[in-house]
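Q:
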Amino acid sequence: MENDFPVDGVASVLPAELPVLPLREFVAFPYMVLPLFAARDRSIAAVDDALAGDRMLLLVAQRDASQNDPEADDLYRVGTVAVVLRSMHLSDGRVKVLVQCLRKARIDSFIEREGSTWVNATPLDHETDENWSVEGEAIVRGVRSRVEELLPLKNLPPEVLSVATGVERPGRLADLVASHLRLRIPEAQEILEIDDSLARLRRVDSVLRRELEVTSMQAEIESQPSELHDLSQDQREAFLREQLRAIQNELGEVDPRGEELDEYRMKLEDAALPPEAQEEALRQLRRMERMHPDGPEAQVVRNYLDWMVELPWDAESSDLLDLIDARAVLDNDHAHLDGVKERILEFLGVRKLRQDSRGPILCFAGPPGVGKTSLGRSIARAMGREFVRISLGGVRDEAEIRGHRRTYVGAMPGRIVQALKQAGTSNPVFMLDEIDKLGSDFRGDPSAALLEVLDPEQNSSFSDHFLSVPFDLSKVLFIATANMLDPIPAPLRDRMEVIQLAGYTPEEKVEIAANFLVPRQIEEHGLDPEAVGFARSAVKALATDYTAEAGVRNLDRKVAAVCRKLARKAAEGETVASVVDRRALRRYLGPPAELGDARPEQGEVGVATGLAWTEAGGDVLPIEAALTPGEGLVLTGQLGDVMKESARAALSYARSILGQIDADESMLSRHEVHIHVPAGATPKDGPSAGVTIASAIVSLATGVPVSSDVAMTGEITLRGRVLPVGGVREKALAALRQGITRVVLPKANLQDVAEIPRELKRRITFIPVSTMREVLDAVLEQPPVWNTQSPPLRSAVTAPAAAPAVARRRS
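In this note's numbering, each residue's number is its place in the sequence shown (first place is 1) plus 24.
(1) Bridge partners for Phe486 per DSSP, in chain order?
(2) Could you tell me if Gly190 is buried or exposed, where buried requires 16 or more neighbouring beta carbons within 10 angstroms of its beta carbon?
(3) For the candidate residues Leu769, Arg753, Lys771, Val799, whose alpha-carbon lies nearest to that of Glu783?
(4) Please state the DSSP three-state secondary structure of Glu548.
(5) Have a look at Ser342 and Arg409 and give me their C-alpha separation to the nearest angstrom.
(6) Keeping to the same chain, check which residues put their C-beta closer than 8 Å to that of Pro470; ignore five residues upstream and five downstream.
(7) Helix, strand or coil: which one does DSSP assign to Asp465?
(8) Return the CA-CA distance between Val37 and Phe50, expressed in angstroms with no decimal places.
(9) Suppose you measure from the CA of Ile385 to the CA of Val715; what does that come to, to the nearest Å?
(10) Buried or exposed for Glu845, please, with buried defined as at least 16 other CB atoms from any protein chain shown within 10 angstroms of its CB.
(11) What does a CB cutoff of less than 6 Å around Asp776 pick up in its chain, not counting 5 residues either side in sequence?
(12) Just the Cα atoms here: how many angstroms apart are Ser693 and Val644?
(13) Just mark Pro615 as buried or exposed, buried being the case when its beta carbon has 16 or more other beta carbons within 10 Å.
(14) When DSSP labels each residue in this structure, what does Pro210 get in the three-state scheme?
(15) Using alpha carbons as the reference points, say which of Leu399, Glu340, Ser90, Gln684 lies closest to Leu525.
(16) Less than 7 Å separating the beta-carbons of Asp199 and Pro54?
(17) Quick check: what's the CA-CA separation for Ala567 versus Arg544?
(18) Consult DSSP for Met436 and reduce its assignment to one of helix, strand or coil.
(19) Could you say if the region 739-748 and the region 757-766 meet the contact criterion of at least three C-beta pairs nearer than 8 Å?
(20) How many whole angstroms separate the CB atoms of Asp460 and Ile512, which I take to be in contact at a CB cut-off of 8 Å?
(21) Going by DSSP, which residues form a beta bridge with Ile791?
(22) When you compare each of Met736, Ala40, Pro792 to Phe134 by their alpha carbons, which one comes out closest?
(23) Return the first residue and the last residue of the alpha helix (DSSP H) that Leu757 is part of.
(24) When the Cα of Gly427 is compared with those of Val433, Gly434, Gly438, which residue comes out closest?
(25) If you reduce the DSSP assignment to three classes, tell me which class Arg782 lands in.
(26) Could you pull out every residue in the same chain whose Cβ sits closer than 8 Å to the Cβ of Glu739, ignoring the five residues on either side in sequence?
(27) Per DSSP, what kind of secondary structure is Asp457 in: helix, strand or coil?
(28) Rounding to the nearest angstrom, what Cα-Cα distance links Arg289 and Leu306 in this structure?
(29) Please classify Asp580 as buried or exposed, where buried requires at least 16 neighbouring CB atoms within 10 angstroms.
(30) Taking Glu340 as the reference, give the member of Leu236, Ala406, Val167, Thr449 with the closest Cα.
(31) Do you know offhand how far Glu366's Cα is from Leu354's?
(32) Taking 7 Å as the CB-CB cut-off, is Ser561 touching chain B?
(33) If we ignore side chains and look at the alpha-carbon of each, how far apart do Pro43 and Tyr100 end up?
(34) Helix or strand or just coil, what does DSSP make of Arg196?
(35) When you compare the CB positions of Ala572 and Gly527, do they come within less than 7 Å of one another, or not?
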């Protein structure tokens, strides 16, 4: 809580009784504005008494700074009356006050009061305008001149000279200069107690002369030893600092800041900074020596030096280059994902042959729940490196990556440098999670800032705005994760090696659940692994009947739900079943819900089954077509622009080939064609539903149903060609989850079938096609009879004979 006070209303007549605030380390002079921290109980009580009254108190120096509870004899008899401008109670119990010193006062007697010390004080004569004199003018000019000489040598604030130039009164000039010389308390108190202003200024002038003599002696010491010229710069500085420390000890002017500066020098030597960073850190340290220790700029430099000495400039963790052990670690943590494991082992193989090889920059792309983030931890464990992770989801400020410049209040390095400090090594496994969720606004584009981080040609000299010196990121193994690649800007995507992580097959889910999820959940819920287990049939039911996802996140939740039921029964003293079977699942979780759209038992006219890819994996996409009175095309189901265009192309193609299959050519022209794609609340887009829409329209026009056991995917052109699409593996898994055994896909996607597990390919018949004629021959329950004698229509589709397509369908 802060309490401000305007100083403009302070009365010229001071009260006779004042609370006393003892000062340990310095003497307060009139006209000073001081920040003070009151920590002792009597000091806090004095501040509270002042705030409760006229806000005035008497600042008096202690004779012995070690006294925690000074008595009357421990205080000097002359102090300075001050008014409290601002006060704030800190969380640690202290009180921070800002005071302005007004004038001197002499203590006449002490008043006994509970809590704080009060005194009767007499104000000393306040300086008034004096007659000009030659002696006074000479002393004033001499003091100003010596202040100007001493300014760079004594580390005085530069504003002292400008203020001194505008002060004409000798007494006020004496108080101003004395307050900045950091004198010993007895000497400063002596100056404070001199009543005559000219005499006080003469005493200050003598102190200035002495300080200049000490400075001259330092210069003489520096120039005397000829052997200094034979020493290195660091040795010379160390020698001269020892000489300066000896002089200060002789004068009783030991600066407590010296220990802090020496500590920073030692830390900078131990940090093994690169030459450029070392030079910048030493330059900032020299700046700090010339600053006031409590100034805001000194705190900024202190914060900068703390970051410089704590960063792992040269600290590295040794890589575990035993490929067999690394493979064992990866296999123990994750089942399958062979492509990713092979890539990491390849990197370790190269690293074993060449120690200075750069770290790869990988991007794991795949649906949620397939293990992208946990895989990064396993890679770090297999390589023997530290693991750090930052989430980029929702990051919109470029400064989050590059840091803030030190000119800003509260500036800090970016999250890259912060994570490296957390890791403690310069070569961790660094995961950039959810890189496809980056945003941008008026504060900059974080994805543009990542271009330097993820470019092997540039990240050896990454520059953070806060550090202002290069930091080597070339040893870091960067791993980015994303659900979709489309939102990632092309230049950023080009800098990463993308590794696709497809969804798991039901068999893979059962294996993962049995070997990883079930044992972990049993342990986390406090159950006995020897007494509780899951039957394989129950695990399979969880994977196929209770969940429908590409990953295993929901499967893990279902296992946890069963373990919670078992843990509750065990806590209530009931007997827990040793093996959880399918019947127990229905008792604990209820009957399985209907997941997705149920596949019809028989084919329907105007209904075709498509396959879609989403960021959560593959999905089955039923498409319905209907004819209504009117003309034109109606599309519903939250379709995107690309999908709408694909539907228009499918309708145009269907109209163009009706005459070739002996169907009513005007059927689609005389009616309004309505295409609907459930579910209506889910947005959909993309060209891969083109063949499905065309099949549904042709089925509607001919009255021939589309087979219910076939699903299809592919982009269609006006000429009836079928173009390749993506996500074949995920789409095949989605078809398998719905019990579909035949999948029609573009012939150009045959190479993608190789990525599908062998046991999955044995359960699905893949029908490669290159034209819509082959698609219709494969999906309609009664293949159309193509009238090859008909003249070519608007689309003039050239298609191969139907027999090869039927043969391929059977294969």
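We put the beta carbon where it would ideally sit given N, CA and C, even for glycine.
A: So, from the listed chains and residues:
(1) Phe495
(2) exposed
(3) Arg753
(4) helix
(5) 7 Å
(6) Leu416, Val419, Arg420, Asp421, Glu422, Glu424, Ile425, Leu462, Gly463, Ser464
(7) strand
(8) 26 Å
(9) 38 Å
(10) There is no way to answer for residue 845, as the model of the chain reaches only from 25 to 835.
(11) Val752
(12) 30 Å
(13) exposed
(14) helix
(15) Leu399
(16) yes
(17) 17 Å
(18) coil
(19) no
(20) 5 Å
(21) Val768
(22) Ala40
(23) 752-761
(24) Gly438
(25) helix
(26) Ser670, Pro711, Ser712, Gly714, Val715, Val746, Leu747, Pro748, Val749, Pro770
(27) strand
(28) 8 Å
(29) buried
(30) Thr449
(31) 10 Å
(32) The chain inventory of the structure shown lacks chain B, comprising one protein chain alone.
(33) 15 Å
(34) helix
(35) no
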